[in-house]
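Working notes, structure below.
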Amino acid sequence: MGSDPQNQAIPMAILFIFLLQFSLSVASTSLKEASDAVILQNQGGRKQREFDYFVLALQWPGTICKGTRHCCSSNACCNRSGGFAEFTIHGLWPDYNDGTWPSCCTGKEFDEKEIHTLLEPMKKYWSSLSCSSPKTCHGAKGSFWAHEWEKHGTCSSPVARDEYGYFLTTLNVYFKYNVTKVLNDAGYVPSNTEKYPLGGIISAVENAFHATPLLVCSKGAVEELRLCFYKDFKPRDCVPTDSQNAIVSSKISCPKYVSLPSYEPGGKIFEFTDSNWQYPNA
33 MGSDPQNQAI PMAILFIFLL QFSLSVASTS LKEASDAVIL QNQGGRKQRE FDYFVLALQW
93 PGTICKGTRH CCSSNACCNR SGGFAEFTIH GLWPDYNDGT WPSCCTGKEF DEKEIHTLLE
153 PMKKYWSSLS CSSPKTCHGA KGSFWAHEWE KHGTCSSPVA RDEYGYFLTT LNVYFKYNVT
213 KVLNDAGYVP SNTEKYPLGG IISAVENAFH ATPLLVCSKG AVEELRLCFY KDFKPRDCVP
273 TDSQNAIVSS KISCPKYVSL PSYEPGGKIF EFTDSNWQYP NA
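Residue numbering for the sequence shown is 33 to 314, as defined by the numbering used here.
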């Protein structure tokens, strides 16, 4: 990786607190009876049934940032000190088994003050890689975090019942299932010259977590890696998802050999302006 692994990790004391709270939360959720199933409503009042499983979508900054042409204060591709050495979080998405998902369920608008104790790890591991201001469920445009909470987090009940619980849970799952370490240990490291077998990357994750991930590529480079979980956060196989009427699967989206591009923010000169680039299926 070219950097000290200890510098990539959240301080152990904080991580221990996260994982302890996460374990207690999952234990509580596992005790719920099936009869407690939740009926959710979206902002327009349409009923949506409780989700079936979670998708943890992880983004590879090296691929996304190499396509950056413009910068702004919110784009970590430009303002991060040092290079990216790990997958970062795109979001934790409640999904249905049929390939659809609930969205924009009733709930409070995003309030950054609710998660002020989580901001340090979130800025590092859940940073925006775009200048766009994505739409929220209340008709306005907001931050990357606001979009993820209002579109997906509000539909994650009864596992995560509020904004703080949603972001804390996502961080915990991210740290517990450390995809970057799994791939590094298997020899898959950031490189602008190497190509890696798609099957090898999938197998490394399968061997570590006993479940099949889903990969999304852009021009032969890994853009996202998605892990899927039951509601108690035990890993499960990902199913191909219907995204904007196009089936997404690792073999369709990615070639047989893929890259994991490295990226250093200081290696490019940017024009600081706005951008219309949006996260796909964010």
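Backbone N, C-alpha and C define an ideal beta-carbon position, used for all residues, glycine too.
Buried or exposed by the 16-neighbour rule on C-beta atoms within 10 Å, applied to residue i
{"i": "Lys183", "result": "buried"}
{"i": "Arg112", "result": "buried"}
{"i": "Glu255", "result": "buried"}
{"i": "Pro287", "result": "exposed"}
{"i": "Gly231", "result": "exposed"}
{"i": "Arg258", "result": "buried"}
8 Å Cβ cutoff, residue i in contact with chain D
{"i": "Pro93", "result": "Within the model displayed, chain D is absent; a lone protein chain is all it includes."}
Start-to-end residues for the alpha helix (DSSP H) that takes in residue i
{"i": "Thr120", "result": "From DSSP, Thr120 is part of no alpha helix (DSSP H) but of the beta strand (DSSP E) over Thr120 to Asp127."}
{"i": "Lys98", "result": "Pro93 to Lys98"}
{"i": "Cys169", "result": "No alpha helix (DSSP H) contains Cys169, which DSSP labels as neither H nor E."}
Secondary structure of residue i, DSSP reduced to three states
{"i": "Thr132", "result": "coil"}
{"i": "Pro297", "result": "helix"}
{"i": "Val248", "result": "strand"}
{"i": "Ser291", "result": "strand"}
{"i": "Lys266", "result": "coil"}
{"i": "Lys140", "result": "coil"}
{"i": "Lys183", "result": "helix"}
{"i": "Val280", "result": "strand"}
{"i": "Gly197", "result": "helix"}
{"i": "Ala9", "result": "Because residue 9 is not part of the residues shown, which for the chain are 33 to 314, the question remains open."}
Enclosing beta strand (DSSP E) for residue i [first to last residue]
{"i": "Ala253", "result": "Ala253 to Phe261"}
{"i": "Leu230", "result": "First-last for Leu230: Leu230 to Phe241, but that is the alpha helix (DSSP H), not the beta strand (DSSP E)."}
{"i": "Lys213", "result": "Lys213 -> not in any beta strand (DSSP E); alpha helix (DSSP H) instead, spanning Val211 to Asp217."}
{"i": "Lys79", "result": "Lys79 to Arg81"}
One or two residues paired with residue i in a DSSP bridge
{"i": "Phe86", "result": "Pro126 and Phe261"}
{"i": "Lys156", "result": "Lys156 pairs with nothing; no bridge assigned."}
Nearest candidate by alpha-carbon position, reference residue i, set the options
{"i": "Ser175", "options": "Gly219, Ala192, Asp130 and His122", "result": "His122"}
{"i": "Lys227", "options": "Cys249, Val237, Pro245 and Asn239", "result": "Cys249"}
{"i": "Tyr157", "options": "Ala178, Val271, Gln91 and Lys145", "result": "Gln91"}
{"i": "Leu247", "options": "Val211, Thr138 and Cys187", "result": "Val211"}
{"i": "Val87", "options": "Arg101, Pro134, Asp194 and Leu215", "result": "Pro134"}
{"i": "Pro229", "options": "Gly197, Cys260 and Lys283", "result": "Lys283"}
{"i": "Leu161", "options": "Lys263, Lys213 and Ser105", "result": "Ser105"}
{"i": "Asn216", "options": "Leu292, Glu152, Thr149 and Arg258", "result": "Leu292"}
{"i": "Asn224", "options": "Val290, Phe241 and Pro166", "result": "Val290"}
{"i": "Gln80", "options": "Glu238, Ser188, Ile96 and Cys97", "result": "Ser188"}
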